[in-house]
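S.K.: When we follow this note's numbering, the leftmost residue of the first sequence carries the number 39, and every step to the right adds one.
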Amino acid sequence: MAEPKEHPLMEKIVSLCKRRGFIFQSSEIYGGINGFWDYGPLGAELKRNVKELWWTGMTRKRDDVVGLEATIIMAPQIWRASGHVDTFADLMRECPLTKKRVRADQVEPQSGTPIRFTGADSKISGWKVERNIRVLLSNGEHIEHARRKAREFFAIGSVDSKTGDWYQLELKGEIAEAPVVDSVDFHPESGVELGEARPFNLMFKTYVGPTATEDDVAYLRPETAQAIFAQFKNVLETCRQKVPFGIAQVGKAFRNEVTPRNFTFRSREFEQMELEFFIKPDEVIEAIYGNVATVPETGHPGEPLPNWGWQAWHQYWVDERVRFYEGIGLSRQTLGFHRQTPVELAHYARACVDILFKFPFSKRNEQGELIGEELEGIAARSDFDLSQHERFSGKPMGVFDEDLRTAWGKLDETKKAELSNRYYEARLKYLTKSGVEVEKAARDAKEDADNLAKGQYIPHVIEPSAGVDRLILALVANAYSEATSTDDKGKSETRVIMKFHPRVAPIKVGVFPLLKNKPELVAKAREVFQSLRGLMMAFYDDGGAIGRRYARQDEAGTPFCVTIDFDTLGEKPELLNTVTIRHRDDGRQERLPISELPGWLTARVF
RNA sequence: GCGGGUGUAGCUUAGUGGUAAAGUUCCAGCCUUCCAAGCUGGCCAUGUGGGUUCGAUUCCCACCACCCGCUCCA
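1. Looking only at C-alpha atoms, which of 569, 148 and 350 sits nearest to residue 329?
2. What residue does the alpha helix (DSSP H) around residue 276 start on, and which one ends it?
3. Nearest to residue 313 by alpha carbon, out of 261, 190 and 520?
4. How many Å lie between residue 470 and residue 486 at the Cα?
5. Quick one: what's got a C-beta closer than 8 angstroms to residue 612's C-beta in the same chain, skipping five residues either side?
6. Within the same chain, show all residues whose beta-carbon is closer than 8 angstroms to that of residue 115, passing over the 5 residues directly before and after it, in chain order.
7. Using a threshold of 9 angstroms, state whether the C-beta atoms of residue 6 and residue 462 are closer than that.
8. Ignore the nearest five residues each way along the sequence and tell me which others in residue 272's own chain have a CB closer than 8 angstroms to its CB.
9. Kindly identify the DSSP beta-bridge partner or partners of residue 311.
10. My parser needs the beta strand (DSSP E) runs of 3 or more residues fully inside the segment 445-518; what are they?
11. Taking 8 angstroms as the limit between beta carbons, can you name the residues of its chain near residue 97, skipping five residues before and five after?
12. For residue 353, which residues of its own chain have a beta-carbon under 6 angstroms away from its beta-carbon, when the five flanking residues on both sides are left out?
13. List the residues that DSSP assigns as beta-bridge partners of residue 346.
14. Measuring straight from C-alpha to C-alpha, what distance separates residue 182 and residue 173?
15. Grouping DSSP H, G and I as helix and E and B as strand, with all else coil, what is residue 152?
16. Please name the residue in 176, 76, 175 and 411 whose C-alpha comes closest to that of residue 308.
17. Rounded to a whole number of angstroms, what is the C-alpha to C-alpha distance between residue 131 and residue 522?
18. Below 9 angstroms between beta carbons: does that hold for residue 573 and residue 631?
19. Applying the 10 Å Cβ sphere with the 16-neighbour rule, what's the burial state of residue 363?
20. With residue 590 and residue 579 assumed to form a contact (beta carbons below 8 angstroms), what rounded beta-carbon distance in angstroms separates them?
21. Considering Cα atoms alone, identify which of 156, 180, 516 and 176 is closest to residue 191.
22. State the DSSP-derived secondary structure class of residue 522, mapped to helix, strand or coil.
23. For residue 539, tell me which candidate among 315, 46, 368 and 208 has the shortest Cα-Cα distance.
24. Looking at C-alpha atoms only, which residue of 82, 46 and 69 is the closest neighbour of residue 61?
25. In chain order, which beta strand (DSSP E) runs of at least 3 residues are fully inside the segment 383-411?
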């Protein structure tokens, strides 16, 4: 398979993934299917380890996060409430000259005179074409400007475009049409009339039930998060948690991407690890604690405090997530960060920090440094999501807080008015932005503000949302390294060593008899293997020479290899029942009693 | 979706309008007292479908997949 030469490292990684059984193309024997990938034996272990570490760290080791496992297909109204039906169904229009696409509803209005052409022919090559095109000539622009664009357009696919004679194309049927004002039909960059608007719905559609009519339409979830919001009240009522607390979920999501790209980085079926961490609105914090704690915008703010508002919680989760990545071998140098600007943020979002990984295919900035691709976004989403589901389902999503009610009663009137007003303004902004008519919005916002005084509010949410498959690719790219060695005969060869952090490595330990043709070594090795395999992923190998087995494990990324030799059997009595442990990254060996193996390994691989 | 590039064993590469070649990996055996040693044997390929032709892996067309750009996002 000929790979492009742009990213030779990426080529090697893709090749290794197939060769060693990390990642295969889905349905390969049928020619594959665009945007879908399978995990082979090593990839499956790697992915399982990553998800397990996330889940354990998120839920089992925390007091304030519980888990959820929801279905992939849910009531389609969920996707109306979440906004996915609308935002995932954008109409796009394409510029026939630049091939760039713009959202039909976001074309910058242009004014000027449309010039129509009906075709062109070449005196030089005799080539001719008949196609209609309209180019907008902005006020004050010379007519040649439009002609040049038209020639460029007609030259696409012509012989003259190859010879460079395209600018001599003779245009036909030039007519200046009536001037237009604020037209959205022309590409702002090129001035060329945009193609017809076509819908780009990125949600996978399916039908529930055998009749398959339009009434039965449902969607494969494009993200796992919405189920968490939809089940928020059920979880709250059953898990004995109080805000602030979080709900975590790992699972598949589906997006009908326009262009799946970069190996598994953008797939149509992918897996997410998402946490929705519900917090009190700042007005509630201030009512109860008198102030809202502030924390620096970088660094870990320490153990959570009761008076943390959204900003502190957001910063807390950004740093918690970075710590997670560091804990599985992605150092800060390999990561990048992007704090979304107010323009990039959704209208309901307060802040969003993206954690990036610098892939070989990542773009570079002006300084030539890799920028990175998004592994995870940590968003402060206000109370938007629960509010949406409250509006769409008609079911209340607010929580009651005894502390708030008590505290509220002790506030002086000025403070009450101030907090109440701030909450009112926030609710009003949300409601009007959501298209609720002005009068009703004011009425509902007033009701929300009154409820606040009674101890009730809709929680805000901090959402760390990570892509598992992207992370796997990052770990693979990060682990990839080569070592070139030259043997006695001067023959040099390059070996691949996958330097996975032991915590994520698919195979934790390889177990070998030094020699295969000595039954007593084999028997002892099998015995050691059997004692380890229940504790962790262990791999027994007696094929080929010992060096070859080490090399094989290096390529799989196995951090430790245990070898049973004659000393294990007591050739040197003082070494009876000891084995060598060989370290992957430097080939270093040490000797350890078999009895200490489980503890020694467990301390390093979990 | 549009434009550009690429498709030969698991991998890396030869090659040809007339039986598809090699290295490596892998499997089996022998041998081997710690980093892809050696010997013997073995398995495996022209992405799919059409067309031209006596004959196509080679030439043509379509499709599929992969890579790059536009676009989008976890």
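Ideal placement from N, C-alpha and C gives every residue a C-beta, glycine not left out.
Being a predicted model, the structure only gives us computed values, none of them experimental.
M.R.: Once the coordinates are examined:
1. Position 291 of the first sequence holds residue 329. Ranking 569, 148 and 350 by Cα distance to residue 329 puts 350 first.
2. Walking along the first sequence from the start, residue 276 turns up at place 238. Run containing residue 276: 270-277, per the alpha helix (DSSP H) assignment.
3. Translated into the one-based positions of the first sequence, residue 313 becomes position 275. Residue 313 has its Cα closest to that of 261, out of 261, 190 and 520.
4. If you number the first sequence from 1, residue 470 lands on position 432. If you number the first sequence from 1, residue 486 lands on position 448. Cα-Cα distance, rounded: 14 angstroms.
5. Within the first sequence, residue 612 is the residue found at index 574, counting from 1. Correct list: empty, nothing qualifies.
6. In the first sequence, the residue the question calls residue 115 occupies position 77. So the qualifying residues of the chain are 430 and 431.
7. Here the chain covers residues 39 to 644 and nothing more, so residue 6 does not appear.
8. Along the first sequence, read from residue 1 onward, the residue named residue 272 stands at position 234. Nothing listed; no residue qualifies.
9. One-based indexing of the first sequence puts residue 311 at position 273. Answer by DSSP bridge pairing, in chain order: 288 and 504.
10. 498-505
11. To locate residue 97, count along the first sequence from 1; it is residue 59. Only 103, 104, 105 and 286 meet the Cβ criterion.
12. Walking along the first sequence from the start, residue 353 turns up at place 315. Here the set comprises 333 and 339.
13. For the purposes of this step, residue 346 is taken as residue 308 along the first sequence, with counting starting at 1. Paired residues: 331.
14. In the first sequence, the residue the question calls residue 182 occupies position 144. In the first sequence, the residue the question calls residue 173 occupies position 135. C-alpha separation (whole angstroms): 11 angstroms.
15. Along the first sequence, read from residue 1 onward, the residue named residue 152 stands at position 114. Here residue 152 sits in strand by DSSP.
16. As a position in the first sequence, residue 308 is number 270, starting the count at 1. Answer by Cα proximity: 76.
17. Numbered from its first residue, the first sequence carries residue 131 at position 93. Numbered from its first residue, the first sequence carries residue 522 at position 484. Looking at the two C-alpha atoms, the distance is approximately 51 angstroms.
18. In the first sequence, counting from the first residue as 1, residue 573 sits at position 535. In the first sequence, counting from the first residue as 1, residue 631 sits at position 593. The answer is no: Cβ separation not under 9 angstroms.
19. By 1-based counting over the first sequence, the position of residue 363 is 325. Buried.
20. Translated into the one-based positions of the first sequence, residue 590 becomes position 552. Translated into the one-based positions of the first sequence, residue 579 becomes position 541. Yes, residue 590 and residue 579 are in contact; Cβ-Cβ is about 7 angstroms, under 8 angstroms.
21. Start at 1 with the first residue of the first sequence, and residue 191 comes out as number 153. For residue 191, the nearest C-alpha among the options comes from 156.
22. In the first sequence, the residue the question calls residue 522 occupies position 484. Of the three classes helix, strand and coil, the one that applies to residue 522 here is strand, per DSSP.
23. Taking the first residue of the first sequence as 1, we reach residue 539 at position 501. Nearest of 315, 46, 368 and 208 to residue 539, Cα basis: 368.
24. If you number the first sequence from 1, residue 61 lands on position 23. Answer by Cα proximity: 82.
25. 389-395
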